[in-house]
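First the structure, in the form of structure tokens, and then the observations on it.
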Amino acid sequence: MVERVTQQFGGAVEGVDRPYGDVVLTVGRKAIRDVLSHLKEQGFDLLLDIAGVDGLHLGRRERYEVVYNLYSLGDDLRLRVKVFVPENDMNLPTVSDLWESANWAEREAYDMFGVVFEGHPNLVRILCHREFVGHALRKDYPIMKGQWATGTSDLKPDLERE
Amino acid sequence: MLTGPENMDPKQPDSAGPPRDEPPVAAEVDLADETSLDDLDTEPMYINIGPIHPATHGTFRVFCKLDGERIEKAAVEVGYLHRGFEKTAETKNFTLVIPYTDRLNYCSGLVNNVGYCKAVERMLGVTITPRTEIIRVIICEIQRIMDHLICVGANLVDIGALTNFWYFFNAREKLNDVLEALTGARLTYSYIRIGGLAWDLPKGFEENVRAALKTVPKAIRDVEGLVKKNRIFIDRTRDIGVMSARDAVSYGFTGPCLRASGVNHDLRKKKPYYHYDEFEFDVVLGERGDVYDRMFVRIEEMKQSLRIVEQALKVLPGGPINIDDKNVVLPDKGKVHSSMEELINHFKLIIEGIEVPAGEIYDAIEAPNGELGFYIISDGSGKPYRIKVRPPCFYLMNGLKKLIEGHMVADFVAILPGLNIIAGELDR
Chain A
15 MVERVTQQFG GAVEGVDRPY GDVVLTVGRK AIRDVLSHLK EQGFDLLLDI
65 AGVDGLHLGR RERYEVVYNL YSLGDDLRLR VKVFVPENDM NLPTVSDLWE
115 SANWAEREAY DMFGVVFEGH PNLVRILCHR EFVGHALRKD YPIMKGQWAT
165 GTSDLKPDLE RE
Chain B
99 MLTGPENMDP KQPDSAGPPR DEPPVAAEVD LADETSLDDL DTEPMYINIG
149 PIHPATHGTF RVFCKLDGER IEKAAVEVGY LHRGFEKTAE TKNFTLVIPY
199 TDRLNYCSGL VNNVGYCKAV ERMLGVTITP RTEIIRVIIC EIQRIMDHLI
249 CVGANLVDIG ALTNFWYFFN AREKLNDVLE ALTGARLTYS YIRIGGLAWD
299 LPKGFEENVR AALKTVPKAI RDVEGLVKKN RIFIDRTRDI GVMSARDAVS
349 YGFTGPCLRA SGVNHDLRKK KPYYHYDEFE FDVVLGERGD VYDRMFVRIE
399 EMKQSLRIVE QALKVLPGGP INIDDKNVVL PDKGKVHSSM EELINHFKLI
449 IEGIEVPAGE IYDAIEAPNG ELGFYIISDG SGKPYRIKVR PPCFYLMNGL
499 KKLIEGHMVA DFVAILPGLN IIAGELDR
């Protein structure tokens, strides 16, 4: 399975890791949507989670990572697809049209890390207040820094968006 | 501005507001002619359900656009209970995170403990003792029963069937007593440790469990007798909030809500851990994916959990509960007070924490509500670099909009508790 994806997408699959028996594909930013779309057709029908990571102190290639956690209900396989996001250009294509679960998962990654998912129907904060400034799970956001946010968000525009 | 009597406009003795307009005259409607009803000028009505509302079972807000009593559009806002679990966990060592996991899904705290500890144990590469494995199975299944008792009981209350709630809570109380005797707490247990358990089972635990579990089948029988063929109940729940199998998968549903839609997926069967493959139990599936199915999948799952506990009690082995690894498990308290090496060991573990090697892992268990996953990155410093929880009800809540749109407001009240949204886990 992994070999087939690697072959089909050539250089776009930048690496295959197997930490603790899990399978992790590292995919280039340009090809991420094609790879995920292909994997969905290959039976990875459950997008369990999208996790953002701020690798400020990890010394990896780029500062941010987004990890897609997939599960294949037919074959009972797990797969993680990782994409590096550079600090100066934090854009990724959305996959919320492929999986409905990506809708809120991408909003959370945006809220916590500031990753912008292009084409997302309603990319607004989800866990933090909409008046919140900054991104709470970034490593340079001080843990004790509170913010005073009191307004009630107007959800009328949200009604019309998906 | 003051609004005392001296500031009042003398021309308007009751100046509470501008003079009222004449009441609008109702348009002439010929009821026999159905087409004339289409021309009736109606405005949509916007209402908030929550953030504080008894029917939301937690703090979140559903903003609805109503057409009459029908929800035309809905927008869900969460985050009112956001505690920053993931941020806090980055500042604690691996052991200190355990009490925080209790507060994720607080209806079944022990399962969260197990899920977290299991992930860290896999990172450490340690295998827990057979006795601990079986004890974890027993308490996880007890917690599953308790979680389902709350969920189904609350769902029934919300549609007006109060008596069932007392039947279920009566049984839950007995189970709560058992866990209180075991862990010393009734809600936030923090009983699981990395590499084992906090302490061994108390005397008479097995008999207490057996006695407490006897009350569950009776409660289920009573409730089933009251609701299963109840016309009102069926009308309120059948074909309400239907989620097709295809949509349920797309929305990332897991657990009972996915199985109610007819998808055969249970991590206990598909990715067995703690010898779940050796226990005999069935995966319960629904057919239509409506409120009725979600409720009865949970009720049937309780019966399966009873079977598992019964089998697990029979095979519960003796032996130690903690692994024999000084880098993971605290030394025996008696030895700490008498031996220098053990004292140093104790201090090192308490102050520096367990040294988890650098790496990343995703590990999941079948929590009562669905797949509870922990994605942990360690940089080898003794503190988790990043913990991402995969809470089952975050994704269930994402699907709520689809479930309620097109239904009546009263159906919202029937649909929501069936998803078992727990705000502690939803917002983290």
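Residue numbers (this note's numbering), protein chains in the order written: chain A, 15 to 176; chain B, 99 to 526. Where is the CB? At the ideal position from N, CA and C, for every residue including glycine.
Nearest-angstrom Cα separation, counted from residue j out to residue i
| i | j | result |
| --- | --- | --- |
| A123/A | M438/B | 48 Å |
| V19/A | I474/B | 26 Å |
| R319/B | M400/B | 12 Å |
| D423/B | E278/B | 29 Å |
| A187/B | V38/A | 24 Å |
| E322/B | L494/B | 26 Å |
| L173/A | I519/B | 21 Å |
| N65/A | L72/A | The question names Asn, yet the displayed sequence has Ala at residue 65/A. Going by the C-alpha atoms only, they are around 16 Å apart. |
| R396/B | E170/B | 29 Å |
| P103/B | M393/B | Low local confidence applies: a pLDDT of 46 at P103/B is under 50, so the model's placement there is unreliable, and no value is given. |
| C249/B | P354/B | 11 Å |
| K159/A | G182/B | 12 Å |
| V255/B | T261/B | 8 Å |
| F303/B | V276/B | 7 Å |
| R47/A | T108/A | 8 Å |
| L87/A | D525/B | 27 Å |
| I150/B | T157/B | 6 Å |
| H149/A | D477/B | 22 Å |
| T352/B | Q409/B | 26 Å |
| L517/B | C491/B | 8 Å |
| F331/B | G251/B | 13 Å |
| N105/B | K163/B | Since pLDDT at N105/B reaches only 49, below the 50 mark, its modelled position is unreliable, and the value read off the structure follows with that caveat. Each residue's alpha carbon lies about 40 Å from the other. |
| D391/B | Y371/B | 27 Å |
| H373/B | K316/B | 28 Å |
| I226/B | F445/B | 23 Å |
| R201/B | A521/B | 10 Å |
Distance between beta carbons of residue j and residue i, contact taken as under 8 Å
| i | j | result |
| --- | --- | --- |
| V129/A | Y82/A | Contact doesn't hold; Cβ gap of about 12 Å is too wide. |
| G148/B | T140/B | At roughly 25 Å, the Cβ-Cβ gap does not stay under 8 Å, so G148/B and T140/B are not in contact. |
| D509/B | I338/B | 5 Å |
| G51/B | L141/A | Because chain B in this structure spans residues 99 to 526, residue 51/B falls outside the shown range and cannot be described. |
| A310/B | L273/B | 5 Å |
| G387/B | G416/B | G387/B to G416/B, Cβ: 45 Å. No contact. |
| I513/B | V389/B | 6 Å |
| L169/A | A173/B | 4 Å |
| P489/B | L470/B | 7 Å |
Paired residues, beta bridge with residue i - DSSP
| i | result |
| --- | --- |
| K486/B | Y473/B |
| E175/B | R159/B |
| D461/B | F472/B |
| S167/A | Answer by DSSP bridge pairing: none, since S167/A is not bridged. |
| I232/B | Paired residue(s): none; I232/B is not in a bridge. |
| P107/A | E132/A |
| L280/B | Its beta-bridge partners do not exist; DSSP assigns none. |
| D256/B | Paired residue(s): none; D256/B is not in a bridge. |
| A65/A | V81/A |
| M495/B | Looking at the DSSP assignment, M495/B forms no beta bridge with any residue, so it has no partner. |
| R92/A | Y85/A |
| T40/A | G29/A, K96/A |
| D535/B | Here chain B covers residues 99 to 526 and nothing more, so residue 535/B does not appear. |
| N146/B | F161/B |
| G294/B | R291/B |
| L60/A | Y85/A |
| M506/B | R168/B |
Any C-beta of chain D under 8 Å from that of residue i
| i | result |
| --- | --- |
| D111/A | Any reference to chain D falls outside this structure, whose protein chains are A and B. |
Legend entry - Segment contact, 8 Å Cβ cut-off, at least three pairs: the segment 449 to 457 of chain B with the segment 214 to 228 of chain B: yes
Legend entry - Members of the segment 115 to 127 of chain A near chain B, C-beta cut-off 9 Å: S115, A116, N117, W118, A119, E122, D125, M126
Legend entry - Interfacial residues, the segment 343 to 364 of chain B to chain A, with Cβ spacing under 8 Å: D345, V347, S348, Y349, G350, T352, V361, H363
Inset, instruction - State whether the segment 59 to 68 of chain A contacts the segment 347 to 359 of chain B, with contact taken as three or more CB pairs (one from each stretch) at a distance under 8 Å. - result: yes
Legend entry - Where the segment 25 to 48 of chain A meets chain B: residues whose CB sits under 7 Å from a CB there: P33, Y34, D36
Inset, instruction - With 8 Å as the limit, tell me which residues of the segment 149 to 177 of chain B have their beta carbon closer than that to any beta carbon of chain A; keep them in chain order. - result: R159, F161, K163, K171, A172, A173, E175, V176, G177
Legend entry - chain A contacts made by the segment 176 to 196 of chain B, where a contact means CB separation under 9 Å: V176, G177, H180, G182, E184, K185, T186, E188, T189
Legend entry - Three or more C-beta pairs below 8 Å linking the segment 494 to 508 of chain B and the segment 191 to 202 of chain B: no
Legend entry - Proximal residues, the segment 461 to 474 of chain B versus chain A, C-beta separation under 7 Å: E469, G471, Y473
Inset, instruction - Pair every Cβ in the segment 90 to 101 of chain A with every Cβ in the segment 28 to 45 of chain A, then say whether three or more of these pairs are closer than 8 Å. - result: yes
Legend entry - At least three beta-carbon pairs within less than 8 Å, the segment 281 to 290 of chain B to the segment 199 to 212 of chain B: yes
Inset, instruction - Pair every Cβ in the segment 234 to 244 of chain B with every Cβ in the segment 429 to 449 of chain B, then say whether three or more of these pairs are closer than 8 Å. - result: no
Inset, instruction - Output, in sequence order along the chain, the residues in the segment 146 to 166 of chain A whose CB is closer than 7 Å to any CB in chain B. - result: A150, L151, I157
Inset, instruction - With 9 Å as the C-beta to C-beta threshold (strictly closer), list the residues of the segment 80 to 106 of chain A near chain B in chain order. - result: V81, N83, Y85, L87, D90, R92, R94
Inset, instruction - Name, going along the chain, the residues of the segment 62 to 79 of chain A whose beta-carbon falls closer than 7 Å to a beta-carbon of chain B. - result: L62, D63, A65, V67, H71, L72
Legend entry - Proximal residues, the segment 441 to 461 of chain B versus chain A, C-beta separation under 7 Å: G457, E458, I459, Y460
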